[in-house]
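All residue numbers for the sequence shown refer to my numbering, where the first residue is 444 and numbers rise by one.
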Amino acid sequence: MSHHHDSGSVRSYKIFMSNGFAYHDEKEFENKFTFQVFAGKGLENFVQQVNEYKPDGLYFVGWKSQFKLSNDGFFSKLTKEAKDNLKIIANHGVGYDNVDVKSALTTKDKPIIVTHTPDVVSDATADTAIILMLNASRKTRVFEENLRQLKWKSGYETLMGHDLKGKTLGIIGMGSIGTKTALRALSFGMRILYHQRNQKKDVEEKLKQVGQLVSEVGRYYHSQPIIEYCQSMDDLLKQSDIISIHTPLTESTRHLITKKQFDMMKKNCIIINTARGAVIHEQDLVQALKSNTIAGCGLDVFEFEPTITQELLELASNNPCISLLPHIGTQTDETRLDMEQLCIENLRRVLVENKDPVSPVPEHKYLFSSQ
């Protein structure tokens, strides 16, 4: 703006973007924001361009970038001037293991706020968990592949799937996505066990009411409680027919599921992961499948994605109980639009309005009295 010395004019905040918007036009915001999109590849280039541009905010689409703003000293590589300017990192995604949220708090006098996009991703991700659950239980992949080769059922006439009705679903992490997954599973006539640090009695009570209504309408008869809290994860592992992971990736959840945990599971168990690949020790999963310790898996995420353990792919081609997807948990138009809008809203509130963000990461919530 030519008259920016005029005290009545609105300041334009500089936003550096790892990727341009997919659903919004940057021009929509030109009275509030000036955007610069990252050109090039890799963290070194990214840091260099941030240092040159000195943005007020970063819009970081971590899952599209082949680098992270964590564990590699991103913050320590910023110049003092760039650090002083940077007030917020809006992470496009609910998982924020790609941003070092601790360093963001301590790297200068005032914290650099990190926000993410919870809640708006919950339905799409819960749907993905259900897709994987159904695919693995009903072994749909081999039937569809056969059909596409015009073989109809040839060779698979006696291959039987399993119903979800009457099965026990163990949910690890009863946050927003875990809750939406439980809601969907109840309508199939499943019973729910869940494990997390603290019991969620309010959510549990509501899900129980849903479960009772569903049982009446669907004529499902449960000999055990429809929903139960397991204080010990081991109890959940031993009783569940299907296990679904809905925890963030943190130091305490990395390799939460290893050989020791697989050995506790039922022989018919199918494990579902739509959270983060590294919550499961992938090599141990391969061994558990190989030795028939568990029956199958449904994965949307992998420990070293986009690379998938070769043995896992080989097992998948022989085991109809394995369903694999290339991290499409939130890949719908509606959800990606909502995610983008939430990022913009966080940037707008923090920078333009000097208010609390809508969705700071949990570690930053204490900064805001209203959260």
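Where a beta carbon is used, it is the ideal one built from N, C-alpha and C, also for glycine. This one's a predicted model, so the numbers in the text were calculated from it and none came from an experiment.
Residue i: first and last residue of the uninterrupted alpha helix (DSSP H) it sits in
i: Asn584; result: In the sequence under discussion, the amino acid at residue 584 is Arg, which differs from the Asn named in the question. Segment 583-591, the alpha helix (DSSP H) holding Arg584.
i: Thr773; result: Segment: none, Thr773 is in no alpha helix (DSSP H) and carries neither H nor E.
i: Val729; result: 725-733
Cβ-Cβ separation, residue j to residue i (assumed contact under 8 Å), whole Å
i: Lys475; j: Ser455; result: 7 Å
i: Asn528; j: Phe503; result: Incorrect: roughly 16 Å between the Cβ atoms, too far for contact.
i: Ile723; j: Ile700; result: 5 Å
i: Ala572; j: Thr717; result: 5 Å
i: Phe478; j: Glu471; result: That pair is no contact at about 11 Å.
i: His807; j: Val557; result: 6 Å
i: Val585; j: Pro763; result: 4 Å
i: Ile686; j: Gly618; result: With a Cβ gap of about 16 Å, Ile686 and Gly618 do not count as contacting.
i: Ile688; j: Ile615; result: 5 Å
i: Lys733; j: Leu756; result: Contact flag wrong, Cβ pair sits at about 13 Å.
i: Val653; j: Leu626; result: 6 Å
i: Thr773; j: Thr622; result: Going by Cβ atoms, the distance from Thr773 to Thr622 rounds to 17 Å, so no, they are not a contact pair.
i: Thr611; j: Leu636; result: 6 Å
i: Arg719; j: Gly538; result: 6 Å
Environment of residue i [buried if 16+ CB atoms lie within 10 Å]
i: His446; result: For His446, the predicted model reports a pLDDT of 42, less than 50, meaning its position is unreliable; a value from the coordinates is still stated below. Classification for His446: exposed.
i: Ser519; result: exposed
i: Lys710; result: exposed
i: Val564; result: buried
i: Ser450; result: Unreliable positioning characterises Ser450 in this predicted model, as indicated by a pLDDT of 45, which lies under 50. The coordinate reading is nonetheless provided below. The residue is exposed, with fewer than 16 neighbouring Cβ atoms inside 10 Å.
i: Lys802; result: The sequence as given places Ser at residue 802; Lys does not occur at that position. Looking at its Cβ environment, which holds 16 or more other Cβ atoms inside 10 Å, Ser802 is buried.
i: Tyr809; result: exposed
i: Val490; result: buried
i: Ala628; result: buried
i: Asn789; result: buried
i: Lys582; result: buried
i: Ile458; result: buried
i: Glu783; result: buried
i: Phe705; result: buried
i: Thr750; result: exposed
i: Ala465; result: exposed
i: Gln682; result: buried
i: Ile532; result: buried
DSSP-derived helix/strand/coil call for residue i
i: Cys740; result: strand
i: Arg815; result: Absent from the model: residue 815. The displayed extent of the chain is 444 to 814, so no value can be given.
i: Pro749; result: coil
i: Ser695; result: coil
i: Ile573; result: helix
i: Leu602; result: coil
i: Thr622; result: helix
i: Pro803; result: strand
i: Thr550; result: coil
i: Glu473; result: coil
i: Thr701; result: coil
i: Ile686; result: strand
i: Val795; result: helix
i: Ser597; result: coil
i: Leu580; result: The sequence shown places Ser at residue 580, not Leu. Three-state result, Ser580: helix.
i: His447; result: Because the pLDDT at His447 is just 43, under 50, the model does not fix this residue reliably, and the value given afterwards should be weighed accordingly. The answer is coil: DSSP assigns His447 none of H, G, I, E or B.
Per DSSP, the bridge partner or partners of residue i
i: Lys651; result: Lys651 pairs with nothing; no bridge assigned.
i: Met460; result: Val480, Tyr502
i: Ser658; result: Beta-bridge pairing links Ser658 to no other residue.
i: Leu756; result: BP columns for Leu756 are empty, so no partner.
i: Leu629; result: Paired residue(s): none; Leu629 is not in a bridge.
i: Leu815; result: The chain is shown from 444 up to 814; residue 815 falls before or after that span and cannot be answered.
i: Ser766; result: Gly741
Delimiting residues of the beta strand (DSSP E) encompassing residue i
i: Thr477; result: 476-480
i: Arg779; result: First-last for Arg779: 776-790, but that is the alpha helix (DSSP H), not the beta strand (DSSP E).
i: Arg634; result: 634-638
i: Thr611; result: 611-615
i: Glu419; result: Because residue 419 is not part of the residues shown, which for the chain are 444 to 814, the question remains open.
i: Asn534; result: 531-534
i: Tyr496; result: Counting along the chain, Tyr496 falls outside any beta strand (DSSP E), though it belongs to the alpha helix (DSSP H) covering 485-496.
i: Glu671; result: 670-672
i: Val557; result: 556-558
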